[in-house]
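K.L.:
All residue numbers for the sequence shown refer to our numbering, where the first residue is 17 and numbers rise by one. For each residue, glycine too, the CB sits at the ideal point set by N, CA and C. All figures in this text were calculated on a predicted structure; none of them were measured in a lab.
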Amino acid sequence: MFLTIGLELFVGLIGLLLVMRVLGKKTMAEVTPYDLIYTLILGGIVEGAIYDQAIHVGHIIFALGFWGILIYIIEVVVQKQHRSSQILKGIPSILVQDGQLNTKELAKNHIELEQLRSLLRAQNCFSLKEAKYVILETSGEVSVMKNEEVNSTLAILLIDEGRVEAKALESIGKTKEWLVEEIRKKGYEKPTDIVYAEWSKNEGLYIVPCSEEINVQLRIDG
């Protein structure tokens, strides 16, 4: 029994290595969700074969071989037909264009503003105002082109989709009354008119107003 399991593991490992060659030499950052799905399925095939005594080595070889052929065909089609590639692997999304936040693309990709800030920080961009272009790649990573006219600075999120971040205000020694007054100076009546607002010592208050293109439920954190 142990010899059989060992043989199945060995055959499964060799099969996985051969099929992964079909995927090509990609880094983890370049692997799309589609690539990850069929890789997980490959692992599931081997796992199922090991614990199911009714499945022998021949079944593993057939399953891995057939799945590998399907992957290869799909990869060839994707490479030769641009439309197929867009359907299967998606296309990059522009989240910030020429300094303007694209709230429609954020909603489409189910990205919250705090998630966007986290992605930007990973690219050494600590303020949304610093970003001139932000592109969400098909791998889930973001590419950032910084605005050279804006100095690098650490910004604090004060309004997130109309919700005032009370703890963030407290951390910079400000009150909600101060925030409301500041946004009124910029021509907005209340926090629910703002989808995003950040504050930094160097740049002060930076505001992105709500867009009519998206419909979000906004509330003020009491």
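What residue range does the beta strand (DSSP E) around ASN214 cover?
P.N.:
Position 198 of the sequence shown, counting from 1, holds the residue named residue 214. According to the sequence shown, residue 214 is Glu rather than Asn. 210-216 is the extent of the beta strand (DSSP E) around GLU214.
K.L.:
Going by the beta-carbon positions, is the gap between VAL196 and LEU117 smaller than 8 Å?
P.N.:
Taking the first residue of the sequence shown as position 1, residue 196 is located at position 180. Taking the first residue of the sequence shown as position 1, residue 117 is located at position 101. Contact: no.
K.L.:
Just the C-alpha distance for GLU157 and ALA70, rounded to the nearest angstrom, thanks.
P.N.:
By 1-based counting over the sequence shown, the position of residue 157 is 141. By 1-based counting over the sequence shown, the position of residue 70 is 54. Roughly 42 Å separates the two Cα atoms.
K.L.:
Can you name the start and end residues of the beta strand (DSSP E) that GLN139 belongs to?
P.N.:
Within the sequence shown, numbered from 1, the residue matching residue 139 stands at position 123. From DSSP, GLN139 is part of no beta strand (DSSP E); its letter is neither H nor E.
K.L.:
Between the Cα of ALA302 and the Cα atoms of SER143, ARG133, LYS202, VAL93, which residue gives the shortest distance?
P.N.:
Given that the chain is displayed from residue 17 to residue 238, the structure contains no residue 302 and the question cannot be resolved.
K.L.:
Over the uninterrupted alpha helix (DSSP H) stretch that includes LEU185, give me the two end residues.
P.N.:
For the purposes of this step, residue 185 is identified with residue 169 of the sequence shown, where counting begins at 1. Run containing LEU185: 182-187, per the alpha helix (DSSP H) assignment.
K.L.:
Report the CB separation of LEU80 from GLY31 in whole angstroms; it is logged as a contact under 8 Å.
P.N.:
To locate residue 80, count along the sequence shown from 1; it is residue 64. To locate residue 31, count along the sequence shown from 1; it is residue 15. With a Cβ gap of about 4 Å, LEU80 and GLY31 count as contacting.
K.L.:
Tell me the rounded alpha-carbon separation between ILE90 and LYS96.
P.N.:
The count along the sequence shown starts at 1 and reaches residue 90 at position 74. The count along the sequence shown starts at 1 and reaches residue 96 at position 80. Using only the alpha carbons, I get a separation of about 10 Å.
K.L.:
According to DSSP, is GLN233 helix, strand or coil?
P.N.:
Counting from one through the sequence shown, the residue named residue 233 turns up at place 217. Low per-residue confidence applies at GLN233: pLDDT is 37, beneath 50, and the placement is therefore not dependable enough to give any value.
K.L.:
Can you tell me whether PRO207 is helix, strand or coil according to DSSP?
P.N.:
For the purposes of this step, residue 207 is identified with residue 191 of the sequence shown, where counting begins at 1. Note: PRO207 maps to helix in three-state DSSP.
K.L.:
Under three-state DSSP, which class holds ALA147?
P.N.:
In the sequence shown, counting from the first residue as 1, residue 147 sits at position 131. Three-state DSSP puts ALA147 in a strand.
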